[in-house]
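Asker:
Numbering (my numbering), first residue to last: 66 to 413.
1. Using only the alpha-carbon positions, how far apart do residue 261 and residue 114 sit?
2. Identify, in the order they occur along the chain, each residue of the same chain with its Cβ nearer than 6 Å to the Cβ of residue 288, setting aside the five sequence neighbours on each side.
3. What beta strand (DSSP E) runs, 3 residues minimum, are completely inside the segment 134-163?
4. Spatial neighbours of residue 196 within its chain, please: C-beta separation below 8 Å, excluding the five flanking residues on both sides.
5. What are the uninterrupted segments assigned as beta strand (DSSP E) that are 3 or more residues long and contained completely in the segment 318-390, given in chain order?
6. Identify, in the order they occur along the chain, each residue of the same chain with its Cβ nearer than 6 Å to the Cβ of residue 276, setting aside the five sequence neighbours on each side.
7. Looking only at DSSP bridge pairs, what is residue 205 linked to?
8. Ignore the nearest five residues each way along the sequence and tell me which others in residue 272's own chain have a CB closer than 6 Å to its CB.
9. Hey, residue 181 and residue 213: beta-carbon distance below 7 Å or not?
10. How many Å lie between residue 194 and residue 74 at the Cα?
11. In whole angstroms, give me the CA-to-CA distance for residue 154 and residue 124.
12. Please name the residue in 184, 141, 173 and 131 whose C-alpha comes closest to that of residue 31.
13. Please determine, among 146, 140 and 105, the residue with the shortest C-alpha to C-alpha distance to residue 129.
14. Where does residue 355 land, buried or exposed, given buried means 16+ other C-beta within 10 angstroms?
15. Which two residues bound the contiguous alpha helix (DSSP H) that contains residue 99?
16. Can you give the beta carbon distance from residue 122 to residue 133, rounded, assuming they're within the 8 Å contact cut?
17. Provide the residue span of the beta strand (DSSP E) that contains residue 120, from first to last.
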């Protein structure tokens, strides 16, 4: 049987793109598609990969990208390559080592874009333009990203395909049963999950919580996920410690719960189905995609978000509440609205 090759980070590496590619493979297999993986590894960890990983690329070793292309060219089973693109997962300046793979590849490839910057630096623009130019098709996840690819990166419209971010097939569970299981009975749970870092907007979420906690004392803000591995290497837990300090300053110790580890898919399902309100407080209004937000919507949660680009598109037509601006005050207004009227939560 012919196979496709996915070039990406991959589980057990703790990375959002790795999880995405793992889910992609899991959903291609039932359709009769054989899937191989060329895994991008870093030099900080030694990963024990599953059998589907047929090739390993050391992120900062340029020769590995060329070797992978040559290996794929000479493998008669591989008929298509899928390159998952995020600048930070490839080596070189702005991840340009992936261009070595693309330029030596003699098999057709699809480019899946996870970040389409509206204001790229010149070299970032050049890298994505070159990758897209050689690709047989370019996949993005929003209509806005399609416009950016055309207007800024000069990708022909007929070459661009919009495929919305997928959602795992979570096992549906009862909210109140889950709350009892986790010892959180009678709490109104607000959740933010995913890698923790400065761009997540947790400060906004906590300050918004502080503005409504006196009126709604049974709320609990569940912050689930470990510090982003790249941030952890560069500065340790300095950012998380600043968040813990903010919790103390705001006197929210009884209203915030941290789950400080990488979440497997079953845990994510539990936490989302236990959630009353999912809070997406990103501070970067150009945020193009959010897997956690997609997952929350897929689980039918009521969502409150800052007005970043992905949220504005995916929450349109009443699929969630978008704050008027990216401030704690604006988020607090929306929190108070739902917490004060449970029918709104049900409607969302």
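Ideal Cβ positions, reconstructed from N, Cα and C, are used throughout, including at glycine.
Answerer: On the basis of the supplied data:
1. 25 Å
2. 257 and 323
3. 143-150
4. 148, 150, 163, 164, 167 and 176
5. 321-324, 342-345 and 367-370
6. 397
7. DSSP lists 227 as the beta-bridge partner residues of residue 205.
8. Closer than 6 Å at Cβ, skipping near neighbours: 393.
9. yes
10. 21 Å
11. 7 Å
12. There is simply no residue 31 to check, as the chain begins at 66 and stops at 413 in what is shown.
13. Here the closest residue by C-alpha is 105.
14. buried
15. Where residue 99 is concerned, there is no enclosing alpha helix (DSSP H), although the beta strand (DSSP E) it sits in stretches over 99-106.
16. 5 Å
17. Annotation for residue 120: the continuous beta strand (DSSP E) segment containing it runs 118-123.
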